[in-house]
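Engineer:
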Amino acid sequence: MKAIIWQGTNKVGVERVPDPTLLLSTDAIVRVTSTAICGSDLHLLDGYIPSMEKGDILGHEFMGEIVEVGRDVKNLKVGDRVVVPFNIACGVCDPCRRGLFSACDNTNPNHRMAEALYGAVSGGGLFGYSHLYGGYAGGQAQFVRVPFADVGCFKIESDLRDEQVLFLTDIFPTGYQAAEQCGIIPGRDVVAVFGAGPVGQFAARSAMMLGAAHVIVIDRVPERLNMAEAAGAQTINYEKEDVLVALRDATGGRGPDHVIDAVGLEAHGHGPGALMDTAKQKARLNFDRITALRWAILSCAKGGTVSVPGVYGGLVDKLPMGAAFAKGLTFRMGQTHTHRYVLPLLERIEAGQIDPTFVITHRASLDEAPELYKTFRDKHDGCIKVVLDPWGQPGQVQRG
Amino acid sequence: MGHVDFATPGAAMTAQPTTQPSTPKPYRDHSTESLLSPVERGVMGVLGLGALALSLRGGPVERLLLAAVGVGFTGMAATGTNPLATALKIRQNEEGDTLVSDAVTVGQPPERLYAIWRDLTNLPGLMKHLESVQVLDERRSRWTVKGPAGTAVSWDAELTADEPGRRIAWRSLPGAAIENSGEVLFRPAPGDRGTEIRVNLAYHAPGGTTGAVIARIAGQEPSQQLRDDLMRFKREQELGFAPTTKGQSSGRAEKDPGQAQQQTGQGGQK
Ligand SMILES: NC(=O)c1ccc[n+]([C@@H]2O[C@H](COP(=O)([O-])OP(=O)(O)OC[C@H]3O[C@@H](n4cnc5c(N)ncnc54)[C@H](O)[C@@H]3O)[C@@H](O)[C@H]2O)c1
Ligand SMILES: [Zn+2]
Ligand SMILES: [Zn+2]
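Taken in order, these protein sequences are the chains called A and B.
By UniProt numbering, the letter at position 30 of the first sequence is numbered 30, and the numbering carries on one by one without gaps.
By UniProt numbering, the letter at position 204 of the second sequence is numbered 204, and the numbering carries on one by one without gaps.
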């Protein structure tokens, strides 16, 4: 089959690799009909997530059709059309039973690695996201093995198109969880979202669905800001305005009640803190660039929530802990508990409350993926979200 | 060396908090003291840099672990303390016995888990360094371990405590080549989460902590084995199999080196 392969930092390629096979009786094989490139994949491309191995199959946002099931798979049959959350969860451990699917105890075969790095029992495995997270082959491919298939495959029985449900695998639940965990008081709370990438877009729209009185989105990429404005958000271009002043002005001097960091460890920024972050990150000292997180903490109103869907991987420097303490902020963060949100958010899509296709700017076949990884990373050509058809004819990138 | 006798006869075990090793002898935590001699510090420095250098090659799992180990050793060389000792859950008592312990929470009732451990013939399946355990009579059994380079060592052990649903303890009988003792404690986890299992092992390792740390790199180190053993047990009990990626598709030809570190899964049938 064809698959997108991590070939080293800054190197992603299309290769022919063996088709996946069932490895355990609880596995299924899915023929992938649509897959997407995520902002999280850019951290892999750029080499910031440790323990990638040349030859790893990338991709954690995918859906398709079941073509084979292991004999212990109870709820699925060949031909079922499914979306598959990017986390792999066992469904029976204590975290899973509490709905904390990304904290699953049992699905990471390399648990010891995570324990060595993070000092805690490892969270669950992820598709196509480094050996630290289990080393599972990803879904930017024509076929993918889905372990724990009964837990990880959600059937789509309505006639919604792939593109309308594909983002249930990650970015829609991720944006939604980021907003939900703010505990927004409807009609009252103001929510600011740093980052107008796909996650920020869904976070802003989710904050509105959850009743935020006002939503402000911060980025520097004009077409991304325009997309947020189209949903009814106020926007701030942090390269044109002092973002902290602008956020105070926009909230009568209080600051936003809740702030979402939908940027993560590759934040762009300026000032001495940002310069130091960049220097240390370049030296691979395991330091993350945290401009967006700093701004989130500094801008947030007293008693507010800093909600962090943006990915961090190592250490941070100059975190304004004093400000966070003085204001009594609540921090919420982590990999999304995607399984929890698939069905409720599918209902919202079916009810016409949101059409997730708004975020798609580029469609192509797998063969165009290497080029589109870079287009997406460099924000060229107005690129905000790329959807790939693993069976499509090579050669054409479709815009819009 | 003397045994670390967890099972002090007559001790009222119910009074012991099971999260603490119930060893009567004090142990010191090497991570808090500057115990390394200048020679050891030199060795640590070389090992640290070596591990850091190695971490730049090899598969991803080795790389990450070695990098962590390298930083640890380099730190030891710099400070004269052993930051890994705590991380590796290795401690030593006054008599130079190495103590290894770890804990895991398993979503099954204590009685059921106790029964599995109480059948000593199950132990080789639970603790992978054991080759076999042969029950000789009510109290005595013969244990065999795989040593380095394919050698095997056997000794006789006796049960020193057996409290159904709560605790099992044993120790080697005089004459054992590797003098050792151990206990497994079971107690209900709060809030319907199953059972907290704690394993305490004591053995006389040459070279004390440093030897144990070096052994860990060689993959022979017991605390690492214990961690893997406990996680494998948890997953067998909760899932009935071990998660795996062994044999999955990738852009690497044939054998997938990235999977080399994984424990062998046992629920291998499709
Ligand atoms: N928690 C999860 O489970 C989860 C799931 C998916 C994605 N993520 C993470 O969410 C983050 C965003 O993902 P995405 O797909 O939207 O990525 P993206 O790279 O497309 O978007 C990031 C956006 O942040 C903007 N940005 C950079 N620096 C900024 C700053 N200082 N202030 C404001 N904006 C800034 C960039 O211009 C870009 O538009 C990534 O870190 C990704 O890894 C997390
Ligand atoms: Zn993603
Ligand atoms: Zn689980």
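Ideal Cβ placement from N, Cα and C applies to all residues, glycine included.
A quick note: this is a predicted structure, and the numbers were derived from the prediction, not measured.
Between PHE148 of chain A and THR26 of chain A, how many whole angstroms is the CB-CB distance? I'm expecting something under 8 Å.
Structural biologist: Indeed they touch by this definition, with Cβ atoms about 6 Å apart.
Engineer: Consider the Cβ of ALA89 of chain A: report whether some Cβ of chain B lies at a distance smaller than 8 Å.
Structural biologist: It does not; no Cβ of chain B falls within 8 Å.
Engineer: With a threshold of 8 Å between beta-carbons, can MET127 of chain B be considered close to chain A, or not?
Structural biologist: No, no contact with chain A.
Engineer: Does the separation of the CB atoms of LEU58 of chain A and LEU168 of chain A fall below 8 Å?
Structural biologist: The answer is no: Cβ separation not under 8 Å.
Engineer: Between the Cα of LEU265 of chain A and those of A:LEU23, A:TYR48, A:LYS11 and A:VAL397, spot the shortest distance and give me the residue it belongs to.
Structural biologist: Ranking the options by Cα distance to LEU265 of chain A, first place goes to A:TYR48.
Engineer: Which class does ILE116 of chain B belong to by DSSP, given the choice of helix, strand or coil?
Structural biologist: Helix at ILE116 of chain B.
Engineer: Put ASP156 of chain B into one of helix, strand or coil per three-state DSSP.
Structural biologist: Strand at ASP156 of chain B.
Engineer: Which residues end up in the neighbourhood of ligand 2 when you take C-beta atoms closer than 5 Å to any of its heavy atoms?
Structural biologist: Spelled out in chain order, the answer is A:CYS38, A:SER40 and A:ASP170.
Engineer: Can you give me the C-alpha to C-alpha distance between SER34 of chain A and VAL104 of chain B, rounded to a whole angstrom?
Structural biologist: Cα to Cα, the separation comes out at about 40 Å.
Engineer: By the three-class DSSP mapping on this structure, what secondary structure does LYS2 of chain A have?
Structural biologist: Note: LYS2 of chain A maps to strand in three-state DSSP.
Engineer: Buried or exposed: where does GLY138 of chain A fall if 16 or more other Cβ atoms within 10 Å of its Cβ makes it buried?
Structural biologist: It counts as buried.
Engineer: Going along the chain, which residues of its own chain have a beta-carbon closer than 6 Å to the beta-carbon of GLY392 of chain A, five neighbours each way excluded?
Structural biologist: Within the same chain, GLY392 of chain A has close Cβ partners SER365.
Engineer: Hey, how far is the Cα of ILE88 of chain A from the Cα of GLY125 of chain A?
Structural biologist: Answer to the nearest angstrom: the Cα atoms are 5 Å apart.
Engineer: If you draw a straight line from the alpha carbon of LEU99 of chain B to that of ARG198 of chain B, how long is it in whole angstroms?
Structural biologist: Approximately 13 Å between the Cα atoms of the pair.
Engineer: Measuring straight from C-alpha to C-alpha, what distance separates TYR118 of chain A and PRO95 of chain A?
Structural biologist: Rounded to the nearest angstrom, the two C-alpha atoms are 18 Å apart.
Engineer: Quick one, which residues of the region 218–249 of chain B are near chain A if we go by CB-CB under 8 Å, in chain order?
Structural biologist: Flagged, chain order: GLN224, ARG227, ASP228, MET231, LYS234, ARG235, GLU238, LEU239, PHE241, ALA242, PRO243, THR244, THR245, LYS246, GLY247, GLN248 and SER249.
Engineer: Rounding to the nearest angstrom, what Cα-Cα distance links LEU343 of chain A and PHE101 of chain A in this structure?
Structural biologist: Whole-angstrom Cα-Cα distance: 14 Å.
Engineer: For the region 183–198 of chain B, which residues have a CB atom closer than 7 Å to at least one CB atom of chain A, in sequence order?
Structural biologist: Correct list: ARG193.
Engineer: May I have the straight-line CA-CA distance separating LYS318 of chain A from GLU347 of chain A, to the nearest angstrom?
Structural biologist: For LYS318 of chain A and GLU347 of chain A, the distance between alpha carbons rounds to 42 Å.
Engineer: What do you get for GLY42 of chain B, buried or exposed, if any count of 16 or more other CB atoms within 10 angstroms of its CB means buried?
Structural biologist: For GLY42 of chain B, the predicted model reports a pLDDT of 38, less than 50, meaning its position is unreliable and no value from the coordinates is stated.
Engineer: Are the beta-carbon atoms belonging to ILE29 of chain A and VAL82 of chain A less than 8 Å from one another?
Structural biologist: Against a cut-off of 8 Å, the Cβ pair of VAL82 of chain A and ILE29 of chain A comes out as no contact.
Engineer: Should GLY91 of chain A be counted as a contact of ligand 3 given a C-beta to heavy atom distance under 7 Å?
Structural biologist: Flag set: Cβ of GLY91 of chain A near ligand 3.
Engineer: Helix, strand or coil for LEU126 of chain A, going by three-state DSSP, please let me know.
Structural biologist: Reduced to three states, the DSSP call for LEU126 of chain A is strand.
Engineer: Return the CA-CA distance between ALA176 of chain B and ARG142 of chain B, expressed in angstroms with no decimal places.
Structural biologist: Approximately 10 Å between the Cα atoms of the pair.
Engineer: Whose Cβ in chain A lies nearer than 8 Å to the Cβ of ARG252 of chain B?
Structural biologist: Result: GLU53, LYS54 and GLY55.
Engineer: ILE218 of chain A: buried (16+ other C-beta within 10 angstroms of its C-beta) or exposed?
Structural biologist: That one is buried.
Engineer: Measuring CA to CA, which of A:VAL12, A:VAL190, A:ALA274 and A:ASP150 is closest to LYS302 of chain A?
Structural biologist: Nearest C-alpha to LYS302 of chain A: A:VAL190.
Engineer: Cβ of ILE218 of chain A versus every heavy atom of ligand 1: is any distance shorter than 7 Å?
Structural biologist: Answer for ILE218 of chain A: yes, Cβ within range of ligand 1.
Engineer: Return yes when the Cβ of GLU223 of chain A is within less than 8 Å of the Cβ of ILE384 of chain A, no when it is not.
Structural biologist: Yes.
Engineer: Measure from the C-beta of HIS111 of chain A to each C-beta in chain B and report whether the shortest distance is under 8 Å.
Structural biologist: Cβ-Cβ to chain B under 8 Å: yes for HIS111 of chain A.
Engineer: Would you say ASN106 of chain A touches ligand 3, meaning its beta carbon is less than 7 Å from a heavy atom?
Structural biologist: ASN106 of chain A Cβ: within cutoff of ligand 3.
Engineer: Within the present structure, is the beta-carbon of CYS96 of chain A separated from the nearest heavy atom of ligand 3 by less than 7 Å?
Structural biologist: For ligand 3, at least one heavy atom lies less than 7 Å from the Cβ of CYS96 of chain A.
Engineer: Distance, Cα to Cα, ASP19 of chain A vs ASP249 of chain A?
Structural biologist: About 56 Å.
Engineer: Does ligand 1 have a heavy atom nearer than 7 Å to the CB of VAL221 of chain A?
Structural biologist: Yes - ligand 1 has a heavy atom lying nearer than 7 Å to the Cβ of VAL221 of chain A.
Engineer: Considering just the uninterrupted stretch of the beta strand (DSSP E) at PHE194 of chain A, what are its terminal residues?
Structural biologist: Where PHE194 of chain A is concerned, the enclosing beta strand (DSSP E) stretches over 190–194.
Engineer: Starting from the C-beta of PRO109 of chain B, find all residues in its chain whose C-beta is less than 8 Å away, skip the five residues before and the five after it, and write them out in chain order.
Structural biologist: Excluding positions up to five away in sequence, the list reads PRO188, GLY194 and THR195.
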